[in-house]
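**Q** Residue numbers (our numbering): 814 to 973. For every residue, glycine included, the Cβ atom is placed at its ideal position computed from N, Cα and C. None of the values given here were measured: they were computed from a predicted structure.
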C-alpha cells in the first residue's frame with residue numbers, strides 16, 4: 814500500500830489543547846497523517862486493537878467488499894466469464910452471495926446498536942472521532958464500543 818502523508822493541524826477539539834502562547838496567540842501543533850491507512854489499521858498500529866480484533870475487522874471488511882456492498886460510482890466493466898472445464902468451487906455470483914451471508918451474519922452477531930460503529934469505521938473507513946460525532950456519542954466512547962463489536966465479530970469468524 815502506498816503511503817499518502819499530509820500534515821494536519823490539531824484543533825482545540827483535538828487530543829491536546831494547548832493554552833495560548835506569548836502575546837495571546839494560540840500555538841498550533843500539527844501531526845503527519847497517512848491518508849491511505851484505514852482507521853482500523855491506525856488503531857492496530859498504535860496498540861489500541863489486538864491482532865485478533867484487527868483480523869476480525871479485516872474479515873468483515875473483506876466480506877463487505879466481496880459482497881459488492883459499497884456503492885458503485887460508475888458502470889461495472891468486469892469481463893464476462895465463460896465457465897471452463899477446469900473451474901472448481903463457487904461461481905462469482907455465488908461467492909458474492911456467500912460473502913453477503915457472512916457479512917450479514919457477522920453484523921447480527923455483533924448485536925443491535927453495534928452495527929453502526931462497525932459499518933462506519935470498518936467498512937466506510939470513517940475515523941473514530943467522526944463516527945462518534947455522527948452517532949451522537951460522547952468523545953472517546955467509540956473505541957470501547959468498537960472493541961466489544963469486534964470481539965463478537967471475531968467469535969463469529971472463529972478467529973483465535
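Is DSSP giving residue 820 helix, strand or coil here?
**A** If you number the chain shown from 1, residue 820 lands on position 7. In the structure shown, residue 820 sits in a strand (DSSP, three-state: E or B).
**Q** Could you pull the DSSP bridge partners for residue 954 from this structure?
**A** Within the chain shown, the letter at position 141 stands for residue 954. The partner list for residue 954 (beta bridge, DSSP) is empty, contrary to what the question assumes.
**Q** Residue 973 bridges to which residues according to DSSP?
**A** Mapped onto the chain shown, residue 973 falls at position 160. Its beta-bridge partners do not exist; DSSP assigns none.
**Q** Around the Cβ of residue 866, are there at least 16 other Cβ atoms within 10 angstroms (buried) or fewer (exposed)?
**A** Working through the chain shown from its first residue, we reach residue 866 at position 53. Counting Cβ neighbours within 10 Å, residue 866 comes out buried, since at least 16 surround it.
**Q** Count the other C-beta atoms from every protein chain shown that fall within 10 angstroms of the C-beta of residue 920, then say buried if there are 16 or more, exposed otherwise.
**A** By 1-based counting over the chain shown, the position of residue 920 is 107. Counting Cβ neighbours within 10 Å, residue 920 comes out buried, since at least 16 surround it.
**Q** Taking the alpha carbon of residue 862 as the point to measure from, which residue in 960, 820 and 908 has its own alpha carbon closest?
**A** By 1-based counting over the chain shown, the position of residue 862 is 49. Of the candidates 960, 820 and 908, the one whose C-alpha sits nearest the C-alpha of residue 862 is 960.
**Q** CB residue 868 to CB residue 972, shorter than 8 Å?
**A** On the chain shown, position 55 is the one that residue 868 refers to. On the chain shown, position 159 is the one that residue 972 refers to. Yes, the Cβ-Cβ distance between residue 868 and residue 972 is below 8 Å.
**Q** Check whether the Cβ atoms of residue 922 and residue 969 sit closer than 8 Å, and answer yes or no.
**A** Locating residue 922 in the chain shown gives position 109, counting from the first residue. Locating residue 969 in the chain shown gives position 156, counting from the first residue. Their beta carbons are under 8 Å apart, which means residue 922 touches residue 969 by this criterion.
**Q** Determine the extent of the alpha helix (DSSP H) in which residue 852 is found, giving its start and end residues.
**A** Residue 852 sits at position 39 when you count from the first residue of the chain shown. Taken as a continuous stretch (DSSP letters only), the alpha helix (DSSP H) holding residue 852 covers 852 to 858.
**Q** DSSP on residue 906, reduced to helix/strand/coil?
**A** Translated into the one-based positions of the chain shown, residue 906 becomes position 93. Looking at residue 906 - three-state DSSP - the assignment turns out to be helix.
**Q** For residue 818, does the count of other Cβ atoms within 10 angstroms reach 16, so buried, or fall short, so exposed?
**A** Within the chain shown, the letter at position 5 stands for residue 818. Residue 818 comes out exposed.
**Q** Of the residues 879, 874 and 858, which one's Cα is nearest the Cα of residue 966?
**A** Within the chain shown, the letter at position 153 stands for residue 966. Ranking the options by Cα distance to residue 966, first place goes to 874.
**Q** Starting from the C-beta of residue 766, find all residues in its chain whose C-beta is less than 8 Å away, skip the five residues before and the five after it, and write them out in chain order.
**A** The requested residue 766 is not part of the displayed model; the chain covers only 814 to 973.
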